[in-house]
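Residue numbers (full-length UniProt numbering): 1 to 273. Glycine included, every Cβ here is placed at the ideal spot set by N, Cα and C. Report on the structure given below.
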Amino acid sequence: MTASTQTPAAPGPLALGLRQGGLEVKQFTRSREAVVFTMAFPAIMIVIFASIFDGEIGGGVNFTQYFITGMIATGLLSVGFQSLAIQIPAERDRGVLKRLRGTPMPKWVYFAGKVIMVLIVGVVETAILLAVSALFFDLDLPSTGARWLTFLWVGLLGISACTLLGIAFSSVARTARSAPAVVTPVALILQFISGVFFVFTSLPTWMQHVAAVFPLKWMCQGLRSVFLPDSFAAQEPGGTWELGKVALILGAWCVVGLILCITTFRWTTKRDG
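What follows is the structure in structure tokens.
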């Protein structure tokens with residue numbers, strides 16, 4: 001058999017995952033609504049809030065320096081949890097998942113594509129937030145390698161937990177039309193009780209206890225340790241940044257999210273059986 005008639009080698013697992021990830025990114029960028037809401041919304045919010053509240057919240061920390069931590073966490077929640085929990089039901093309704101399940105493509109490739117898309121969009125979104133805040137609102141970026149390292153692992157654990165929970169939560173909405181109504185209130189409530197829009201310790205104690213069950217609160221707290229001075233840690237509920245606890249709880253939510261994905265994910269709608 002000559003070289004010209006040989007069957008091309010099948011792509012390896014890495015190539016399959018990257019190819020699916022590129023496809024997911026293209027599909028995401030073609031949806032102007034998704035781009036604006038997921039990527040631009042946090043930047044728009046930081047511009048609005050930082051323009052209105054330009055004073056200090058105490059301890060020499062201005063509002064922008066505090067607010068950026070919640071906006072980064074919200075951005076990761078939006079792209080990891082909210083967008084997937086809305087996007088996947090739409091694909092399920094259109095029969096995309098059913099067709100994918102009937103192809104020779106391994107099922108994990110579909111999820112790999114979603115993970116790659118979330119990571120790329122999350123990085124770009126965070127970079128935009130940091131650039132806007134540093135250029136226009138005097139944000140002080142992390143000054144040490146240790147803080148950047150904390151920023152990295154908090155962000156990775158946080159976006160991993162949000163992605164897994166978004167995939168799992170995608171099975172809650174019965175139809176694509178109902179998905180935004182089911183998912184958006186959950187995301188908004190978590191933002192309000194987790195210290196995104198307000199100083200966390202100014203919230204009612206019962207609200208702080210409820211927020212402590214979910215990952216967004218711990219994402220915000222971990223990011224505060226990166227962007228705020230160490231002296232501000234005394235104002236946290238535990239009196240310190242509790243980074244060990246942040247890692248433990250975010251890691252636990254990754255495990256919970258993975259278990260829920262495995263046990264609850266549906267490739268077809270209920271009407272398909």
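### Query
Could you give the uninterrupted runs of the alpha helix (DSSP H) lying entirely in the region 158–198, keeping only those of 4 residues or more?
179–193
### Query
With distances taken from CA atoms, which of Trp108, Met71, Gly257, Arg266 is nearest Arg174?
Here the question's residue 174 lines up with position 174 in the sequence shown. When each option's Cα is compared against that of Arg174, the closest is Arg266.
### Task
Out of Glu125, Gly58, Ala40, Phe63, state which residue places its alpha-carbon closest to the alpha-carbon of Phe49.
The count along the sequence shown starts at 1 and reaches residue 49 at position 49. The candidate whose alpha carbon is nearest that of Phe49 is Phe63.
#### Entry: Proximal residues to Val183 (C-beta, below 6 Å), its chain only, five neighbours per side dropped
Start at 1 with the first residue of the sequence shown, and residue 183 comes out as number 183. Cβ within range, chain order: Gln82, Ala85, Ile86.
#### Entry: Residue span of the alpha helix (DSSP H) that contains Glu242, given as start and end
In the sequence shown, the residue the question calls residue 242 occupies position 242. Careful: Glu242 lies outside any alpha helix (DSSP H) and carries neither H nor E.
### Query
Is it buried or exposed for Phe169, if we count other Cβ within 10 angstroms and need 16 for buried?
Reading the sequence shown from its first residue, position 169 is the one you call residue 169. Answer is buried; the Cβ neighbour count reaches 16.
### Message
Please state the DSSP three-state secondary structure of Glu56.
### Response
Translated into positions along the sequence shown, residue 56 becomes position 56. Looking at Glu56 - three-state DSSP - the assignment turns out to be strand.
#### Entry: Cα-Cα separation, Gly166 to Gly60
In the sequence shown, counting from the first residue as 1, residue 166 sits at position 166. In the sequence shown, counting from the first residue as 1, residue 60 sits at position 60. Taking the straight line joining both Cα atoms gives about 37 Å.
### Message
In this structure, how does DSSP classify Val210 when only helix, strand and coil are distinguished?
### Response
Here residue 210 refers to the residue found at position 210 of the sequence shown. DSSP places Val210 in helix when its eight states are reduced to three.
### Through-space distance from Ala247 to Thr103, alpha-carbon basis
As a first step, residue 103 is located in the sequence shown; it is residue number 103 there, counting from the start. As a first step, residue 247 is located in the sequence shown; it is residue number 247 there, counting from the start. So the alpha carbons of these two residues sit roughly 38 Å apart.
### Task
Express the C-alpha separation of Val36 and Met1 in angstroms, rounding to a whole number.
Working through the sequence shown from its first residue, we reach residue 1 at position 1. Working through the sequence shown from its first residue, we reach residue 36 at position 36. Since pLDDT at Met1 reaches only 45, below the 50 mark, its modelled position is unreliable, and the value read off the structure follows with that caveat. C-alpha separation (whole angstroms): 53 Å.
### Message
Checking 8 Å against the spacing of the C-beta atoms, do Val154 and Met219 come in under that value?
### Response
Start at 1 with the first residue of the sequence shown, and residue 154 comes out as number 154. Start at 1 with the first residue of the sequence shown, and residue 219 comes out as number 219. Taking 8 Å as the Cβ cut-off, Val154 and Met219 qualify as a contacting pair.
### Query
Can you name the start and end residues of the alpha helix (DSSP H) that residue 300 belongs to?
Since the first residue shown for the chain is 1 and the last is 273, residue 300 is missing from the structure and cannot be characterised.
### Query
Between the Cα of Val111 and the Cα atoms of Gln208, Gly257, Gln20, which residue gives the shortest distance?
Along the sequence shown, one-based indexing puts residue 111 at 111. Per the sequence shown, residue 111 should be read as Phe rather than Val. Nearest C-alpha to Phe111: Gln20.
### Query
Whose C-beta lies closer than 6 Å to the C-beta of Ile249 among residues of the same chain, with five residues either side of it excluded?
Within the sequence shown, residue 249 is the residue found at index 249, counting from 1. Result list for Ile249: Trp218, in chain order.
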